[in-house]
Each structure stands twice: as structure tokens, then as C-alpha cells.
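Per numbering that gives the first Met the number 0, the very first residue in the sequence shown carries number 0; after that it's consecutive.
One structure is given here, and the rest of the page talks about it.
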Amino acid sequence: MDYIPHDSLHDRLKGVHELMESLQSPNEKNEQLQEKIAKLGDRSTQELIARIGSTTHPFALWLIHRELDRRDVPPCLRTPYRDESTEQIFITWLADVYWLAKRHPKHPVAYSRFRHLFISEPDSEQWHKTAIWVYRHGRGKSGHYFSRALALTDQMRQPLAMLVSHRMQGDRTLLRSLPKHREALLAHAVGHRDKSQAIKPVEVAERRTELLRLHLLSGRNRSTAAAWHHLLHGGNITRQAVAKQITAIQRITGLRLDYTN
């Protein structure tokens with residue numbers, strides 16, 4: 000999703016502070032949700048990313064994004080490729096803007112009315128009021144509208160989920176065909192097992208599929224892909240090892256996967 004839908008639901012969208020207030024009503028559902036929210040910090044990064052794909056309550060979704068942001072997990076690594084509701088699209092957009100505001104304080108924007116996104120303290124009431132005003136102002140427009148208004152460079156946009164360039168969007172469209180490429184990688188691994196047979200073909204396919212995903216999300220940058228792999232999975236993988244694997248994946252799948260460094 001790279002555009003903001005233009006529909007009447009935007010007029011009923013609630014900001015984060017409004018959503019938080021709605022949880023104060025004493026009922027069993029709210030109590031259960033608050034209990035889950037209180038334990039977010041104890042969850043692993045992989046668990047939290049999985050919950051992005053299953054959580055429907057927008058405030059809980061926001062808090063998961065905020066916890067992942069605290070762990071320096073970029074928005075592009077959190078967002079599953081699925082259909083989303085109006086509220087979920089807004090929270091995904093908000094996570095992009097929050098990532099930017101936390102890492103680029105005082106960033107000069109092109110549209111002066113948006114400046115409070117980089118002046119106000121991120122997650123403050125003023126910041127959230129500005130964010131939902133900006134979002135509603137841009138309804139029916141693409142993510143490129145916000146990128147221009149916020150004067151974002153390609154380097155600032157690469158880690159984001161929605162506010163990406165046409166080139167980035169093209170690479171992310173390729174991610175929708177990952178299941179097909181995983182099958183090709185698995186078939187190759189089955190037919191080309193190492194002599195020790197210490198690593199199962201399915202493990203080889205999963206590792207290569209994940210590197211392909213990170214390669215595309217990183218802007219085909221092997222240093223960034225290596226760093227993101229370490230962030231998500233631990234261990235150490237060098238940029239040279241990434242390049243070697245991408246060369247193999249390209250040969251097996253037929254994809255053109257030239258990298259930028």
C-alpha cells in the first residue's frame with residue numbers, strides 16, 4: 000500500500016491519544032488488551048513482528064511498532080504484505096513518521112505546516128495531533144506526496160514501509176513473489192546437498208529466501224542487508240557472504256539482483 004485511501008472513514012479515524020483514552024473504559028476486553036500490552040517488552044523481536052500481522056486493535060498495533068522502533072527495527076522489516084484496514088494503514092504510516100522524527104530531529108520540511116512532526120517531542124500529544132492532521136490532509140494522495148512535503152532523501156526513505164520511492168516500490172513488489180522463489184531455492188537445495196548433509200535443504204532455502212527479502216528491502220545494499228540480518232537473527236554475516244549468496248540466488252531464480260555496494 001503506497002497511497003492514502005480517500006474515503007469517509009478518514010473523518011472517523013482516531014489519533015493515538017484518542018485510542019488510548021478509549022481503553023480506559025472498564026470492561027473485560029480492555030483489561031485483556033492492557034495485560035497483553037504490558038508484556039510487549041518481554042517478547043522477542045520475531046514475536047513482535049509476527050504480531051504486526053495478527054493484531055487488529057490500532058492502539059495495540061501502535062505500541063508494537065513503538066517497541067520495535069526502540070529496538071531499531073526499521074518499519075520496512077515489520078510490515079507484512081497483506082491487505083490492511085484504514086486504521087492499520089494509518090498506523091503503518093505513523094510508524095514511518097515516528098521513525099523519521101526520532102532519528103532526524105529538527106529536519107527541515109518543505110511544507111511549513113508539517114514542521115511540528117520534527118519539532119514536537121515524538122509521541123507527545125502535540126506530535127500526534129499534528130500527525131493525524133497531516134495524514135487527513137493527504138488522504139487520497141500517494142506516499143510520494145508526503146515524501147516531497149517532508150523533504151525526504153532516498154537514504155531517509157529506504158528503511159520506511161510506505162513513504163518509499165518508485166524504485167523502492169518496484170523492489171518491494173517483487174517480495175510478493177517470494178513464495179515462488181522459495182520453491183525454486185528449495186528444489187535447488189534438494190538437488191545440490193553438501194557432502195556432509197549437515198544442513199537440511201529447507202534450512203538452506205529459508206536462509207536464502209530471507210537474504211533475498213533483506214536484499215530487496217535494503218535497496219540492494221549488501222552492507223545494510225548484513226546489518227539487518229544480524230539485527231533480526233543474531234550471528235554475524237559479512238557483506239561478502241551476502242554478495243556470494245545473492246549471486247547464487249540470482250543464478251537459481253533468474254532474478255536480476257545487482258547490488259549497490
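Glycine included, each C-beta is placed from N, C-alpha and C at the ideal position.
Coarse secondary structure for S141, derived from DSSP in three states:
Three-state result, S141: strand.
Report the rounded CA-to-CA distance for T246 versus L174, giving the unit in angstroms.
Rounded to whole angstroms, T246 to L174 spans 18 Å at the Cα level.
On the three-state DSSP scale, how would you describe S222?
Looking at S222 - three-state DSSP - the assignment turns out to be helix.
Are three or more beta carbon pairs between the region 125 to 135 and the region 86 to 102 nearer than 8 Å?
Touching, yes.
Other residues of its chain near M19: CB distance less than 7 Å, five sequence neighbours each side excluded
For M19, the CB contacts under 7 Å within the same chain, skipping 5 residues up- and downstream, are F58 in chain order.
Whole-number beta carbon distance between L12 and F89, since they are thought to touch under 8 Å:
Yes, they are in contact, since the Cβ atoms of F89 and L12 sit about 6 Å apart, within 8 Å.
Say the cut is 8 Å; is the CB of K38 nearer than that to a heavy atom of the ligand ATP?
Ligands are entirely absent from the displayed structure, and the ligand ATP is therefore not among its contents.
Can you give me the start and stop residues for the alpha helix (DSSP H) that M155 sits inside?
Residues D153 to R156.
Under a three-way DSSP split, which group does S146 fall into?
S146: helix per DSSP, three-state reduction.
Using 10 angstroms around the beta-carbon of D193, count the other beta-carbons present and answer buried if the total reaches 16, otherwise exposed.
Flag for D193 reads exposed.
Could you name the residues of the same chain whose beta carbon sits closer than 7 Å to that of V15, not counting the 5 residues immediately before and after it, in chain order?
Cβ neighbours of V15 beyond the five flanking positions: F58, W61 and H127.
What's the C-alpha gap between S123 and H115?
The alpha-carbon of S123 is positioned some 11 Å away from that of H115.
Mark Q87 as exposed unless 16 or more other C-beta atoms lie within 10 angstroms of its C-beta, in which case mark it buried.
Burial call: buried.
Using alpha carbons as the reference points, say which of R221, R250 and E46 lies closest to H241.
For the sequence presented, residue 241 should be read as Val rather than His. Answer by Cα proximity: R221.
As assigned by DSSP and simplified to three states, the class of K105:
Correct three-state label for K105: coil.
Just to confirm the assignment, what range does the alpha helix (DSSP H) spanning M167 have?
That run of the alpha helix (DSSP H) goes H165 to L173.
Where does S43 sit, in a helix, a strand or coil, going by DSSP?
S43 falls in the coil class under three-state DSSP.
Enumerate, from N- to C-terminal direction, the unbroken alpha helix (DSSP H) stretches of 4 or more residues contained entirely within the region 56 to 104.
Counting only runs of 4 or more, we get 57 to 69 and 85 to 102.
Which word fits A109, buried or exposed, when buried means at least 16 other C-beta atoms lie within 10 angstroms of its C-beta?
Counting Cβ neighbours within 10 Å, A109 comes out exposed, since fewer than 16 surround it.
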